[in-house]
Amino acid sequence: MLLAVLSGFLVAIAAPWLYQSLQDRAGWVLALLPAALTVYFATFLPQVMAGEAVVIHYDWVPGLEINLSFLVDGLSLLFALLISLIGTFIVLYASAYLKGDEYLPRFYVLILAFMAAMLGLVLSDNLITLFVFWELTSITSYMLIGHNHEDKEARKCALQGLLVTVGGGLALLAGLILMAGVAGSFSLHEILNSGDVLRDSHLYLPILILVLAGCFTKSAQVPFHFWLPNAMAAPTPVSAYLHSATMVKAGVYLMARLNPSLGGTELWMTILPIVGALTMFTGAYLAVRSTGIKRVLAYSTVMALGTLTMLVGIGTETAMIAFACFLMAHSLYKGALFMVAGAVDHEAGTKDVTKLGGLRRKMPVTATFAAIAALSLAGIPPLFGFVAKELMFESVLEAGGLALFLSVLAIASAVLVIAVAAIVAIRPFWGRLKETPKKPHEAPLPMLLGPIVLASLSLFFGVLVFIPDTLLVQATVLAVYGEPVEFYLSLWHGINAPLLMSLASLLLGALLFLNWDRVRGAMGKLDWLYDRGPEAGYFKVMDGLVWTADWQTRVLQNGYLRNYILTIVLTTVGLVGYALFSRYDVSMVAFGEIRLHEYAVAGLLVASALFACLTHSRLGAVASAGVFGFAIALIFILFSAPDLGITQILVETLTVILLILVLFRLPGFINFSSPGARLRDAAVALSLGGLITLLILATVEHQFHPPISEWLIERSVPEAYGRNIVNVILVDYRALDTLGEIFVLGLAAIGVYAMIKFKAEDRVKDEREC
Numbered sequence: 001m002l003l004a005v006l007s008g009f010l011v012a013i014a015a016p017w018l019y020q021s022l023q024d025r026a027g028w029v030l031a032l033l034p035a036a037l038t039v040y041f042a043t044f045l046p047q048v049m050a051g052e053a054v055v056i057h058y059d060w061v062p063g064l065e066i067n068l069s070f071l072v073d074g075l076s077l078l079f080a081l082l083i084s085l086i087g088t089f090i091v092l093y094a095s096a097y098l099k100g101d102e103y104l105p106r107f108y109v110l111i112l113a114f115m116a117a118m119l120g121l122v123l124s125d126n127l128i129t130l131f132v133f134w135e136l137t138s139i140t141s142y143m144l145i146g147h148n149h150e151d152k153e154a155r156k157c158a159l160q161g162l163l164v165t166v167g168g169g170l171a172l173l174a175g176l177i178l179m180a181g182v183a184g185s186f187s188l189h190e191i192l193n194s195g196d197v198l199r200d201s202h203l204y205l206p207i208l209i210l211v212l213a214g215c216f217t218k219s220a221q222v223p224f225h226f227w228l229p230n231a232m233a234a235p236t237p238v239s240a241y242l243h244s245a246t247m248v249k250a251g252v253y254l255m256a257r258l259n260p261s262l263g264g265t266e267l268w269m270t271i272l273p274i275v276g277a278l279t280m281f282t283g284a285y286l287a288v289r290s291t292g293i294k295r296v297l298a299y300s301t302v303m304a305l306g307t308l309t310m311l312v313g314i315g316t317e318t319a320m321i322a323f324a325c326f327l328m329a330h331s332l333y334k335g336a337l338f339m340v341a342g343a344v345d346h347e348a349g350t351k352d353v354t355k356l357g358g359l360r361r362k363m364p365v366t367a368t369f370a371a372i373a374a375l376s377l378a379g380i381p382p383l384f385g386f387v388a389k390e391l392m393f394e395s396v397l398e399a400g401g402l403a404l405f406l407s408v409l410a411i412a413s414a415v416l417v418i419a420v421a422a423i424v425a426i427r428p429f430w431g432r433l434k435e436t437p438k439k440p441h442e443a444p445l446p447m448l449l450g451p452i453v454l455a456s457l458s459l460f461f462g463v464l465v466f467i468p469d470t471l472l473v474q475a476t477v478l479a480v481y482g483e484p485v486e487f488y489l490s491l492w493h494g495i496n497a498p499l500l501m502s503l504a505s506l507l508l509g510a511l512l513f514l515n516w517d518r519v520r521g522a523m524g525k526l527d528w529l530y531d532r533g534p535e536a537g538y539f540k541v542m543d544g545l546v547w548t549a550d551w552q553t554r555v556l557q558n559g560y561l562r563n564y565i566l567t568i569v570l571t572t573v574g575l576v577g578y579a580l581f582s583r584y585d586v587s588m589v590a591f592g593e594i595r596l597h598e599y600a601v602a603g604l605l606v607a608s609a610l611f612a613c614l615t616h617s618r619l620g621a622v623a624s625a626g627v628f629g630f631a632i633a634l635i636f637i638l639f640s641a642p643d644l645g646i647t648q649i650l651v652e653t654l655t656v657i658l659l660i661l662v663l664f665r666l667p668g669f670i671n672f673s674s675p676g677a678r679l680r681d682a683a684v685a686l687s688l689g690g691l692i693t694l695l696i697l698a699t700v701e702h703q704f705h706p707p708i709s710e711w712l713i714e715r716s717v718p719e720a721y722g723r724n725i726v727n728v729i730l731v732d733y734r735a736l737d738t739l740g741e742i743f744v745l746g747l748a749a750i751g752v753y754a755m756i757k758f759k760a761e762d763r764v765k766d767e768r769e770c
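Here the UniProt record's numbering is used: the first residue of the sequence shown is 1, the next is one more, and so on.
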């Protein structure tokens with residue numbers, strides 16, 4: 001399992017060399033990896049169909065409970081099969097779509113790395129490793145979206161997707177850590193059995209908010225939906241893989257995965273259905289408003305993600321069945337339709353459906369399988385999408401107090417999606433043949449294999465609906481719902497409310513498609529509202545970040561060391577001082593008995609420090625700094641630390657001599673600061689000095705833990721064989737630290753010796769030349 005998950009990274013390393021050797025055939029060879037992974041994951045079907053959850057464990061950082069452990073149940077296996085199966089066709093598709101692209105080797109590296117990251121994400125049983133793979137999907141998708149890095153728009157869209165998803169990822173990390181703390185484990189299969197503990201915890205609300213923030217940003221839920229359609233700036237293979245079947249479903253996957261432990265509460269069953277339904281309708285509405293075929297499909301993906309979120313939130317048995325079916329159906333028809341869109345753009349030279357028509361004469365195979373996939377998108381029998389749509393309608397009718405709200409949005413979205421399916425399948429391929437930038441013809445075989453297989457599976461699973469039911473749907477529902485659910489899938493359940501809702505949406509959707517141009521023109525009147533939507537807010541936030549960066553650079557990072565020191569000191573005094581005075585009774589600090597000679601040493605310290613600050617002579621300042629250092633050495637000697645005192649004397653003597661040699665030729669100090677600035681600096685210095693004094697006195701007076709000195713004394717002789725405890729600490733307990741210091745001093749000595757030697761050699765050479 002570990003090799004299967006990480007194999008994508010390993011093969012990605014070799015991809016450029018394979019391409020260099022095999023050229024156009026490299027895609028066929030690289031596609032063998034996801035094909036083999038599909039077969040490997042299929043071997044888990046018997047166990048998963050029997051209701052088992054397979055946990056495979058590898059130690060990674062056991063001391064921190066971070067392990068490479070994997071959980072294979074119905075949900076993770078369904079995702080793994082979709083990722084590897086669709087990945088096979090994406091690699092083949094890209095070999096033809098990007099043929100001749102100078103960055104194709106890099107694309108292979110990134111797409112395989114992304115596939116491995118997605119497999120790691122959906123199969124991880126450890127929360128930390130799940131998050132690591134989660135962020136890897138964001139990074140690799142960022143580079144894939146920006147494949148055409150010379151295009152400013154592609155770079156901007158890639159950065160937007162990265163910032164939105166990584167921002168949510170940081171919130172998710174906090175939520176996962178809190179969750180692990182409450183559940184007492186980082187293992188997912190243990191957390192799934194700790195639902196009551198999590199739901200009863202006082203941290204449930206922050207955990208829920210943080211986890212949903214990560215899931216909503218990743219899966220483009222309102223108001224974060226804007227980044228996904230903009231990611232269509234990527235090449236079509238990227239769009240088909242990342243933003244239809246895999247990455248954007250990562251958030252949906254995590255919500256479904258955590259449903260047994262976080263779901264079932266009033267908050268969960270309110271937030272998710274409402275946000276999901278609003279996303280569903282928003283995506284469908286914006287899809288009808290668009291004319292670019294990829295953008296139309298992207299917004300319909302937003303619709304699907306909202307539908308899946310809504311179903312997870314409803315949480316009934318029917319909703320979980322609908323979730324499993326809709327997840328599978330969407331992955332099949334949307335992957336096929338994106339590849340069809342790329343084929344049309346590749347062969348006709350335009351993505352604008354208003355400029356396309358009659359392509360069925362030139363691209364009959366593409367038109368046929370586009371129609372099949374679009375029928376599944378529209379939810380027309382006998383396609384598998386029809387089964388999913390019927391179950392979705394049944395689920396919203398069972399949603400309790402939200403039933404009316406969700407039903408209205410579900411019907412409205414279904415009407416819009418039927419129009420979208422017709423726009424994608426009819427406008428480009430039917431009617432009169434229109435003039436296009438390129439002379440259209442059928443796409444090559446590698447670009448057709450994906451649409452043919454995925455669209456055929458949509459039809460196959462719809463006609464023989466018992467096959468997906470038996471293989472995966474039952475096990476997926478068990479994983480998401482948390483309990484066994486008895487049901488069977490069927491194309492016909494008689495005349496009922498969901499069927500009537502389907503018929504009504506079909507008629508209204510057909511009517512909308514027939515009047516699409518007029519409706520789209522009417523929608524244009526709301527552009528002012530769209531221009532003030534969440535994406536506009538994103539750009540305002542980015543402008544605010546730039547303004548903040550400019551301000552802090554101008555005020556804080558302005559190149560003056562004095563300002564840096566002043567800022568650091570004031571921040572330290574403010575934060576540490578607040579903690580000290582709010583949590584400790586400073587008035588109880590005892591200064592103890594101070595003897596006369598100690599007053600004399602303290603006075604010497606203060607006098608030398610003041611003289612160094614006030615004198616205009618550089619030599620006087622150096623001399624007073626030396627007096628200060630010798631006074632500290634005297635303190636060490638008085639308080640039984642002669643070794644430190646000797647070291648201090650040697651360092652101070654050397655420092656003073658070196659400073660005098662360097663500075664005695666320089667002129668006196670000049671007053672650049674105003675009296676007010678000097679008073680300010682004095683006040684800040686006194687504040688820091690006073691704070692440090694109080695901290696030391698408070699620390700000496702109040703013992704929070706037993707002193708470590710007793711432990712060192714007890715073990716110095718029997719374990720380290722040394723009576724000099726300081727030496728034992730340096731040589732044994734701090735061995736690596738001391739070794740590092742010796743290494744640094746050794747390098748410095750070698751450098752000094754080298755400079756002296758080279759200088760002597762140069763002098764001898766000069767004398768010889770003379």
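Glycine included, every Cβ here is placed at the ideal spot set by N, Cα and C.
Computed from a prediction, not measured in an experiment: that's the story for all the values here.
Next on the checklist: Measuring straight from C-alpha to C-alpha, what distance separates I274 and A403?
Outcome noted: 11 Å
Item to check | For V420 and A410, believed in contact at Cβ under 8 Å, the rounded distance | outcome: Not really, about 15 Å apart at Cβ, beyond 8 Å.
Checklist entry - Which of helix, strand or coil does DSSP assign to G292? => result strand
Checklist entry - Rounded to a whole number of angstroms, what is the C-alpha to C-alpha distance between L580 and D732? => result 35 Å
Next on the checklist: Here's a check: name, in chain order, each residue in its chain whose Cβ is nearer than 6 Å to the Cβ of N482, leaving out the five neighbours to either side.
Outcome noted: This sequence places Gly at residue 482; Asn is not what is there. Only P260 meet the Cβ criterion.
Next on the checklist: Restricting to Cα atoms, I'd like to know which of L92, L82, T265 is closest to R25.
Outcome noted: L92
Next on the checklist: One question on the structure: do V166 and E135 come within less than 8 Å of each other, judged by their Cβ atoms?
Outcome noted: yes
Checklist entry - What distance in whole Å lies between the Cβ atoms of S239 and F338, which are believed to be in contact at a cut-off of 8 Å? => result 5 Å
Checklist entry - Should the segment 464–479 be regarded as contacting the segment 362–376, the criterion being three or more beta carbon pairs within less than 8 Å? => result no
Checklist entry - Which term fits S640, buried or exposed, when burial requires 16 or more other beta carbons within 10 angstroms of its beta carbon? => result exposed
Next on the checklist: Along the chain, where does the alpha helix (DSSP H) containing L188 start, and where does it finish?
Outcome noted: 188–191
Checklist entry - Given that a residue counts as buried once 16 or more other Cβ atoms are within 10 Å of its Cβ, and exposed if not, what is residue 771? => result Nothing in the structure corresponds to residue 771, since the chain is present only between 1 and 770.
Next on the checklist: For the beta strand (DSSP E) containing residue 771, name the first residue and the last one.
Outcome noted: An answer regarding residue 771 cannot be provided, because it is not within the stretch 1 to 770 covered by the chain.
Next on the checklist: Quick check on the DSSP output: the alpha helix (DSSP H) that includes W711 runs from which residue to which?
Outcome noted: 709–720
Item to check | Assumed close pair A250, S219 - CB separation to whole angstroms, cut-off 8 Å | outcome: 7 Å
Item to check | Run of the alpha helix (DSSP H) containing W430, from where it starts to where it stops | outcome: From DSSP, W430 is part of no alpha helix (DSSP H); its letter is neither H nor E.
Checklist entry - Comparing alpha-carbon positions, which option in A631, P428, A284, A96 lies nearest R361? => result P428
Checklist entry - Do the segment 318–329 and the segment 434–452 touch if we need at least three Cβ pairs shorter than 8 Å? => result no
Next on the checklist: Give me the residue from L638, L634, L659 with the minimum Cα distance to Q648.
Outcome noted: L634
Checklist entry - Does the distance from the CB of I293 to the CB of V353 come in under 8 Å? => result yes
Next on the checklist: My assumption, with CB atoms under 8 Å, is that A116 sits in contact with L6. Please give the rounded CB distance.
Outcome noted: 6 Å
Checklist entry - Considering W17, what are the terminal residues of the alpha helix (DSSP H) in which it resides? => result 2–22
Checklist entry - By Cβ distance, which residues of its chain are closer than 8 Å to E598, with the 5 residues on each side in sequence left out? => result L638
Item to check | Cut-off 6 Å between Cβ atoms - residues of its own chain near L85, not counting five sequence neighbours on either side | outcome: T38
Item to check | Cut-off 6 Å between Cβ atoms - residues of its own chain near L359, not counting five sequence neighbours on either side | outcome: P428, F429, P440
Checklist entry - Is it right to say A255 is buried, meaning 16 or more other beta carbons lie within 10 angstroms of its own, or is it exposed? => result Note on identity: in this sequence residue 255 is Met, with Ala being the wrong assignment. By the 10 Å Cβ count, M255 comes out buried.
Checklist entry - Can you check whether the CB of V340 is closer than 8 Å to the CB of P446? => result no
Next on the checklist: Whole angstroms are fine: how far does the CA of L45 sit from the CA of L68?
Outcome noted: 22 Å
Checklist entry - So, are the CB atoms of A399 and I314 less than 8 Å apart? => result yes
Item to check | First through last residue of the alpha helix (DSSP H) which encompasses F145 | outcome: The sequence shown places Ile at residue 145, not Phe. Start and end: 127–145.
Next on the checklist: Give me, in chain order, the residues of the same chain whose beta-carbon lies closer than 6 Å to that of A233; leave out the 5 immediate sequence neighbours on both sides.
Outcome noted: E153, A154, C157
Checklist entry - Which partner residues of I274 appear in the DSSP bridge assignment? => result In the DSSP output, where bridge partners are listed per residue, I274 has none listed.
Next on the checklist: Under 7 Å: does the beta carbon of N148 sit that close to some heavy atom of the ligand FAD?
Outcome noted: Among the components modelled here there is no ligand, and therefore nothing to report on the ligand FAD.
Checklist entry - Under the three-state reduction of DSSP, which class applies to S76: helix, strand or coil? => result helix
Checklist entry - Would you say L30 and L112 are within 8 Å of each other, going by their C-beta atoms? => result yes
Checklist entry - Which term fits M542, buried or exposed, when burial requires 16 or more other beta carbons within 10 angstroms of its beta carbon? => result exposed
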